[in-house]
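Peer 1: Heads up, the sequence shown is in this note's numbering, so the first residue is 26 and it goes up one at a time.
In this text, a Cβ means the ideal position worked out from N, Cα and C, and glycines have one as well.
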Amino acid sequence: MLTRRQLMTAGASAAALAVTGSCGKSSHSTPRQDRPIVQRRVLTAFGTNPREEYWQVPIARGYFRDAGFDVTVLAGQPADYNATTLAAGKADFAVVEYASALRLSEKYDRNFRMVAAIQRTTTVSMVSLGDEVTKPVDLVGKTVATAAGAATQTLFPSYARLAGFDPKRVRITNANTPQLPLMLQAGKVAAIGESALDALSLNVPGKTTNVLRYDTYLTDLYGSVIIAPTDYVNEKPDEVRRFVGALMKGLRDAIAHPEDAGRFIHAAVSTDAADLSARTMAAMAPFVFTGQLDEEKVNRGIALLQDAGLIKTKPTPADIVRFDLVPDGS
């Protein structure tokens, strides 16, 4: 279990991923003149909260512009929303929680491919306040809230069994994403399904924020992943590769220079405070890596979801991931 204090200091490892020379740069760089600028729309995984707005760093630094893109960030939602919006042609890239992406790939007949991972492990968690729920077994007999169909709900039975308690002894109620922290703070539920990174925004005087991370038991899952339509990645692989490269450069910049990132995020999304955004980017540091998706780990994730009854077939990793387009491990 992570406390809020541990999350706030988790950014200490960010220096290892520092972006050479990025500190102190102008927030805009000169685009390459030999490449036309392409408009691209991206969906966040979960609204416009600080952990989803790292996109603002490569935009502000000019990394996307240098790669030939003018990027618009749209507020996404959990469950099926991002996959269906992508399929409808209303977005070009989307962020989806990895376990959900595996499940949705089957549901929507492989009409998208993963092209990068944002976090090396899932950040899906149960979050509580105070001393009522401080370990997984404390959830027994309690009511918890999650967004309907989110990974916090679909993975909960597997998490519970591995953590040593019967998931049927926990009542799950569904609510819209913005309502979850309000329900927890009001004492209407004992815990909520959230990203570990969102716990930073829960600040109730006199109460400790407890984070029960699923990856303590579900070790073969990535966090958020980037998906794009299958037709798009087949027709324009070089464009997809450039886009992913610019994103990952910006993400490394965000965790290496969180205070700059906080300012960029607040400038783009006024409701995201610069200080909270900076602390969130710092807390992401242990989760962020090269973005590479490993074939063996993907295969283990597929097996995990199949065992949990979340997918019926067993696709090959290549059915889901464009391994030739994901960032390399260097």
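At 3 residues or longer, and completely inside the segment 199-245: list those beta strand (DSSP E) runs for me, N to C.
Peer 2: Counting only runs of 3 or more, we get 216-220 and 234-238.
Peer 1: Got a sec, what are the start and stop residues for the alpha helix (DSSP H) S302 sits in?
Peer 2: Its alpha helix (DSSP H) spans residues A299 to M309.
Peer 1: Going by DSSP, what residue range makes up the alpha helix (DSSP H) through E260?
Peer 2: Per DSSP, E260 belongs to the alpha helix (DSSP H) from T255 to E260.
Peer 1: How is the alpha helix (DSSP H) around Q331 delimited, first residue to last?
Peer 2: First-last of the alpha helix (DSSP H) with Q331: E320 to D332.
Peer 1: Between the segment 191-207 and the segment 247-262, are three or more C-beta pairs nearer than 8 Å?
Peer 2: No, they do not touch.
Peer 1: From what residue to what residue does the beta strand (DSSP E) around E122 run?
Peer 2: Per DSSP, E122 belongs to the beta strand (DSSP E) from F118 to E122.
Peer 1: Using only CA atoms, which one of T177, Q102, V169 and D240 lies nearest to L207?
Peer 2: Taking only the C-alpha atoms, the option nearest L207 is V169.
Peer 1: How about R60 and G93: do their beta carbons lie closer than 7 Å?
Peer 2: Cβ distance < 7 Å, so R60 and G93 count as in contact.
Peer 1: Could you give the residue range of the alpha helix (DSSP H) that holds A85?
Peer 2: Start and end: Q81 to R86.
Peer 1: Closest by CA to L225, which one among V98, A298 and A175?
Peer 2: Ranking the options by Cα distance to L225, first place goes to A298.
Peer 1: One question on the structure: do M139 and I252 come within less than 7 Å of each other, judged by their Cβ atoms?
Peer 2: Contact: yes.
Peer 1: With S150 as the anchor, note down where its beta strand (DSSP E) starts and where it stops.
Peer 2: Element bounds for S150: V149 to L154.
Peer 1: Going by DSSP in three states, A142 sits in which element: helix, strand or coil?
Peer 2: A142 falls in the strand class under three-state DSSP.
Peer 1: Closest to I290 by C-alpha separation, out of V313, Q81 and F118, would be which residue?
Peer 2: Closest by alpha carbon: Q81.
Peer 1: In chain order, what residues of the same chain lie with their CB nearer than 8 Å to the CB of K132, ignoring the 5 residues before and after it?
Peer 2: Once the five neighbours on either side are set aside, the close Cβ partners of K132 are D105 and A108.
Peer 1: In whole angstroms, give me the CA-to-CA distance for F181 and G174.
Peer 2: Cα to Cα, the separation comes out at about 11 Å.
Peer 1: So what's F71 in DSSP terms, helix, strand or just coil?
Peer 2: Coil, per DSSP.
Peer 1: Distance check for F348 and E320, CA to CA, integer angstroms please.
Peer 2: Each residue's Cα considered, the two are about 8 Å apart.
Peer 1: State yes or no: is the C-beta of L318 within less than 7 Å of the C-beta of A124?
Peer 2: Contact flag unset, no.
Peer 1: Sort L335, L330 and P352 by Cα distance to L272 and report the nearest one.
Peer 2: Nearest option by C-alpha distance: P352.
Peer 1: Which partner residues does I197 have in the DSSP bridge list?
Peer 2: Partner(s): V169.
Peer 1: What is the DSSP secondary structure of G101, counted as helix, strand or coil?
Peer 2: Strand at G101.
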